[in-house]
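Every number in the working numbering is 2 more than the matching position in the sequence shown, counting from 1. Here's the structure, in structure tokens; my notes come after.
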Amino acid sequence: CQTASPPTATPSPSVQPTALANVPTNTPDATETAVPTMPPPPTAIPTTAAATPNLQDAATLTPATPTATIIGMIGPEPFPENINPLTGLPVSDPAILARRPIVVKVSNAPPIVRPQAGLNRADLVFEHYAEGGLTRFTAVFYTHDVSIVGSIRSARLIDFEIPHMYDAAFAYSGSSGPLRVRFQESDFFDRIISPDFGHGGFYRMEEEGKSFVHSLYTDTYTLRETLSERGQEVPPTLANHMAFREEPLYPGEPATRIELWYTGTNATWFYSNGRYLRWSDGEAHLEAYTGQQLTFKNVVVIAANHVNTDIIEDTNNSPSIEIQLWGSGPVSIFRDGQRFDGTWQRNDPNHMLTFYDQDGNMLPLAPGNTFFQIVPLGFDRLTITP
């Protein structure tokens, strides 16, 4: 497809110019015919920036009591019956919402596992630390089914939280011994689909350069058949809702480039044509079977407490990380090329994340798909360019 260089942004004085100043952009719905490239990232990792939110502990926030209906606001209560509660978009067939969301665990390390399959069709994607400084994806499929998704990887402690948020099924392969026991004893074990417990619906597709552990795939059609056989393909019971609005409630700070440096990988988002496009480790992050670059309407940076546990996850004796997605913490929402800072909240195991500004007013997402970047409290490797 045709690509064009985005307009050069003028960084705020304390933001170091990065190698993304001339990243080519593409039309979100066009199929890639050539992989966009960019120079390598700078050797010095930025640690502070004038436009970087302070991702420290957030004060307890009391949501404001609504006094009037906000024009154009979708949700949080009541939520329209024909609107997908995970995207704020209308559905073509109400039967779509009579199904259960499916959470799928997808690899993101080492870089050879990219491009992955199916991520652009997910309603929501979470990126989080696994261990050893590397990240992993947890994708939530509700609106769309996909004929292939993967590669499928092992579960982590965070996967006791995300399926609960959306009353979802959970597909994965592998876990440490203590987590396996916890999954068996969990209240959503009847919604788990995994080779760990002899479940079918997965297959191997070996590819050159990728090890055996990165060769497992599935599809949501087969997963839904399994749920139907168990009597679990039913509408989710959602305890709360997010809010959506076509336009922000008020102007935010300009944010056309977002760069996050995890310990072992980095992610960059560049705003173009109403969406954020993703680069990973200096390369355009593509979807495997369409060639499209990953593109999302919202990018949401969630800062949460990370605690190392005594559970060992790999042969390097890396501890399993408990990412505490409960209570509250700082959030930065990126939508429409703008940044909105506030607080995320989750006060019940069955609640999804909701977002509030500094005055306690609910912050709406743009209708569409959302990518959640989960980072530790005090995270200082986030750089934003207007």
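The beta carbon of each residue, even a glycine, is placed where N, CA and C say it ideally should be. Being a predicted model, the structure only gives us computed values, none of them experimental.
The beta strand (DSSP E) with residue i in it runs from where to where?
| i | result |
| --- | --- |
| T311 | N300 to I314 |
| V142 | T137 to F143 |
| F374 | T372 to P378 |
| I104 | I104 to V108 |
| T387 | L384 to T387 |
| T356 | T356 to Y358 |
| F191 | Run containing F191: none; DSSP gives neither H nor E here. |
| F172 | A171 to A173 |
List the residues that DSSP assigns as beta-bridge partners of residue i.
| i | result |
| --- | --- |
| G329 | R348 |
| Y205 | Y219 |
| Y264 | Paired residue(s): none; Y264 is not in a bridge. |
| L279 | F272 and T297 |
| G152 | A119 and Y219 |
| Y252 | Looking at the DSSP assignment, Y252 forms no beta bridge with any residue, so it has no partner. |
| V127 | A141 and F373 |
| P197 | Answer is none; P197 lacks a bridge partner. |
| L240 | L240 is not bridged to any residue. |
| I76 | F246 |
| E324 | V309 |
| S334 | V303 and D343 |
| P92 | I85 |
| L367 | F246 |
| R259 | F272 and T387 |
Please list, in chain order, all residues of the same chain as residue i whose beta carbon is under 7 Å from its beta carbon, the five residues on each side excluded.
| i | result |
| --- | --- |
| H308 | Y131, I323, I325 and P378 |
| P351 | H166 |
| V148 | G120, R123, D221 and T222 |
| M75 | A245, R247 and P366 |
Look at the alpha carbon of residue i and the alpha carbon of residue j, and state the distance between them as a whole number of angstroms.
| i | j | result |
| --- | --- | --- |
| P159 | F139 | Checking the displayed sequence, the identity of residue 159 turns out to be Leu instead of Pro. So the alpha carbons of these two residues sit roughly 13 Å apart. |
| S7 | Y273 | For S7, the pLDDT reaches just 41, beneath the cut-off of 50, and the residue's location in the model is therefore unreliable, although a value from the coordinates is still provided. Each residue's alpha carbon lies about 12 Å from the other. |
| H146 | T239 | 19 Å |
| N268 | R277 | 19 Å |
| G202 | S196 | 8 Å |
| V303 | E163 | 17 Å |
| E389 | L99 | Since the first residue of the chain shown is 3 and the last is 388, residue 389 is not available in this structure. |
| Y358 | V127 | 20 Å |
| S153 | S217 | 6 Å |
| G329 | I376 | 15 Å |
| R226 | P80 | 28 Å |
| L121 | S156 | 17 Å |
| H287 | F373 | 13 Å |
| E34 | Y291 | Here the model assigns E34 a pLDDT of 32, short of 50, so the residue's position is not dependable and the matter cannot be decided. |
| E249 | G266 | 35 Å |
| H318 | W281 | Before going on, a small fix: residue 318 reads as Asn here, not His. Taking the straight line joining both Cα atoms gives about 28 Å. |
| I72 | D283 | 40 Å |
| F2 | N371 | The first residue shown for the chain is 3 and the last is 388, placing residue 2 beyond what the model contains. |
| Q360 | R348 | 16 Å |
| G200 | G233 | 18 Å |
| P237 | G90 | 17 Å |
| E133 | P112 | 12 Å |
For the alpha helix (DSSP H) that residue i lies in, which residues bound it at each end?
| i | result |
| --- | --- |
| E291 | The sequence shown places Tyr at residue 291, not Glu. Taken as a continuous stretch (DSSP letters only), Y291 belongs to no alpha helix (DSSP H), as it is neither H nor E. |
| F185 | G179 to Q186 |
| P165 | I164 to M167 |
| R226 | T222 to E231 |
Classify residue i as buried or exposed, calling it buried when 16 or more other Cβ atoms lie within 10 Å of its own Cβ.
| i | result |
| --- | --- |
| A241 | exposed |
| E261 | buried |
| P87 | buried |
| Y168 | buried |
| Q186 | exposed |
| D338 | buried |
| N275 | exposed |
| Q295 | buried |
| M364 | buried |
| S94 | exposed |
| S334 | buried |
| E208 | exposed |
| Y252 | exposed |
| S394 | The requested residue 394 does not occur in the structure, where the chain is confined to residues 3 to 388. |
| G362 | exposed |
| A97 | exposed |
Looking only at its chain, what residues have a beta carbon closer than 6 Å to the beta carbon of residue i, apart from the 5 residues adjacent to it on each side?
| i | result |
| --- | --- |
| F143 | I104, A124 and T222 |
| T311 | P321, S322 and E324 |
| F190 | P165 |
| H243 | G77, P78, F81 and P87 |
| W271 | I260, Y278, R280 and V301 |
| G176 | S156 |
Please return the same chain residues whose Cβ sits closer than 8 Å to the Cβ of residue i, not counting the five positions on each side in sequence.
| i | result |
| --- | --- |
| D161 | V105, K107, T140, F172 and Y174 |
| R1 | Nothing about residue 1 can be reported from this structure: the residues present for the chain run from 3 to 388 only. |
| I314 | S178, S320, P321 and S322 |
| P117 | H287, L288, E289 and A290 |
| K212 | I114, V115 and S153 |
| L181 | A157, R158, L159, I313 and S322 |
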